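Here the protein sequences come in this chain order: S and W. According to my numbering, the first sequence is numbered sequentially starting from 1487. According to my numbering, the second sequence is numbered sequentially starting from 1487.
Protein chains: 2
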Amino acid sequence: MEKKKINHYETANIAVNAVIFIIKDQKLWVYLSTREKAPFQNLLELPGGLLQPKETAEITLARKLKDITGVKNHFFQQFHTFTNPNRDPRSRIISIGFIALLAYDKVSNLKDFHQIDALPKLAFDHKEIIDRAIKYLKLNIDSQFVDQLMPNSFPLNDLQIVYEVIEGKKLDNRNFRKKILNSGLIQKAKIVQKNVNHRPASLYQFIKS
Amino acid sequence: MEKKKINHYETANIAVNAVIFIIKDQKLWVYLSTREKAPFQNLLELPGGLLQPKETAEITLARKLKDITGVKNHFFQQFHTFTNPNRDPRSRIISIGFIALLAYDKVSNLKDFHQIDALPKLAFDHKEIIDRAIKYLKLNIDSQFVDQLMPNSFPLNDLQIVYEVIEGKKLDNRNFRKKILNSGLIQKAKIVQKNVNHRPASLYQFIKS
DNA sequence: GCAAAAGTGTTGTCATTACACCCATGA
DNA sequence: TCATGGGTGTAATGACAACACTTTTGC
């Protein structure tokens, strides 16, 4: 008896994965959690999850991010979709990769963040996802991205460090200040830095349009 | 009797769609074909197809592009994945969107190309896919992209037109020539334009690295 | 000789780079 | 008073913008 071949195309689960970046101590850090189940048990992995019926990838991701960080209204952006048929040994799951950017002062617990230049072996293709996310971040660095990585108000030198970390090079302090102040993107906040054992900095904030 | 809920996640087919651009007559054109079956019968749609088992999206796309244009080794690039659960009325199909760029002299039949500023109603969410592809193209315009859109050798003024169409503005001829010649990206070809009823142009080509 | 597109230089403005010292605070 | 990071100006260079006429070919 011959079974009619209705459909020789593949069906798959659809996953999202978030590469959540923060900048702290002049380094880029990414959120990872430990897998409790096989496959890749005890290895670190990116947060993510499968799309439920009626969900877009963006809705699934917003739901997941809120669960993970407790922050509402995360900033995130698609950067690539990973479709290698063997990327999950259990079954075919394609993953839509997002970057999510977060100011470190919004993170209540930093222990799940890992420096991107000292990552151990990761589950699945998550190393590849992170590598591509970093490439995307460096290539698309702009004030909208940097805004997300900064606290509400900040010294100019902290802003400079964020640019330096992402661009991977030192910037001239005087030139940086000149440029950023002339850009019209930021303004002086009404408060000043306190409790530092050096000259307190003026604090600035991004002008929300 | 209660049915055990094994999996409340969605499975879906995975499609790729290609937004194939050419530039001709100082306009941007996109490849579309007419749907022969419902849904959206007789409307125009983007080329694409479903992933087969063991195929990555990139492999599926390369296969499809070769079928459509006859060209091997197409240049293409992912730009966005579309996951609206209602984007296909038959079942859940998510689509990975690619741009593909092609020199118009490689196209044997131009009848399936449509000017992007005069598109009729399209099938599915394909209008949205094209809009996003155009945005991506404009935002990421670089010499690698432009190279794909040019014939092997070309007059500088044709190159200028390609930049003008993508950027959506006129460029100064002298400044354009100065800049592009100083960039080190192109070199004079050994041949010269023929059979034109005006002064024949020197032809140039991109230096393949 | 006319139509059509190819090709060519100079000047002003603005953005970017390079570079080194004094300032305000807490301990 | 010392340690720590905050904060400042000027000059040289390079990139980009504005601008109009001559050249070469086919018909």
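Ideal Cβ placement from N, Cα and C applies to all residues, glycine included. Just so it is clear, the structure is predicted and the values come from calculations on it, not from any experiment.
- Only those residues of the stretch 1497 to 1529 of chain W whose C-beta falls short of 7 Å from the nearest C-beta of chain S are listed: 1497, 1498, 1499, 1500.
- Of the other Cβ atoms in all chains shown, 16 or more fall within 10 Å of the Cβ of residue 1611 of chain S; this residue is therefore buried.
- Using a Cβ-Cβ distance cut-off of 8 Å, the stretch 1519 to 1537 of chain W and the stretch 1630 to 1639 of chain W are not in contact, since fewer than three pairs of beta carbons, one from each stretch, lie closer than that value.
- Taking the C-beta atoms as reference points, residue 1550 of chain W is found no nearer than 9 Å to residue 1558 of chain W.
- Short of 7 Å from the beta carbon of residue 1585 of chain W, and not among the five residues preceding or following it, lie these beta carbons of its own chain, in chain order: 1505, 1507, 1562, 1563, 1565, 1619, 1622, 1623.
- DSSP, reduced to helix, strand and coil, places residue 1530 of chain S within a strand of the structure shown.
- Below 8 Å, enough C-beta pairs join the stretch 1590 to 1598 of chain S and the stretch 1508 to 1516 of chain S to call them touching: three or more.
- The CB of residue 1600 of chain W never comes closer than 8 Å to any CB in chain S; the least such distance is about 26 Å.
- Checking the DSSP bridge columns, you'll see residue 1649 of chain S has no partner listed.
- Taking CB atoms only, residue 1630 of chain S has no neighbour in chain W less than 9 Å away.
- Secondary structure note for residue 1581 of chain W: its beta strand (DSSP E) is the uninterrupted segment 1579 to 1587.
- Distances from the CA of residue 1614 of chain S to each of S:1595, S:1668, S:1582 were compared; the closest alpha carbon is that of S:1582.
- Shown here, residue 1514 of chain W sits in a strand according to DSSP, grouped into three states.
- The stretch 1624 to 1692 of chain S contains, as complete alpha helix (DSSP H) runs of 4+ residues, the segments 1629 to 1635, 1642 to 1653, 1659 to 1668 (chain order).
- By the criterion of a C-beta distance shorter than 7 Å, residue 1607 of chain W is surrounded in its chain by 1529, once the five residues flanking it on both sides are discounted.
- DSSP links residue 1519 of chain S through a beta bridge to S:1531.
- For the pair of segments examined, the stretch 1670 to 1683 of chain S was found not to touch the stretch 1651 to 1660 of chain S: the number of CB pairs separated by less than 8 Å stays below three.
- Using a Cβ-Cβ cut-off of 9 Å, residue 1575 of chain W does not count as an interface residue toward chain S, since no Cβ of chain S sits closer than that to its own.
- Assignment of residue 1524 of chain S by DSSP, reduced to helix, strand and coil, places it in the coil class.
- Contact annotation: in the stretch 1540 to 1555 of chain S, residues whose CB is within less than 8 Å of a CB in chain W are 1540, 1541, 1542, 1543, 1544.
- In the three-state DSSP reduction, residue 1612 of chain W falls in the helix class (H, G or I).
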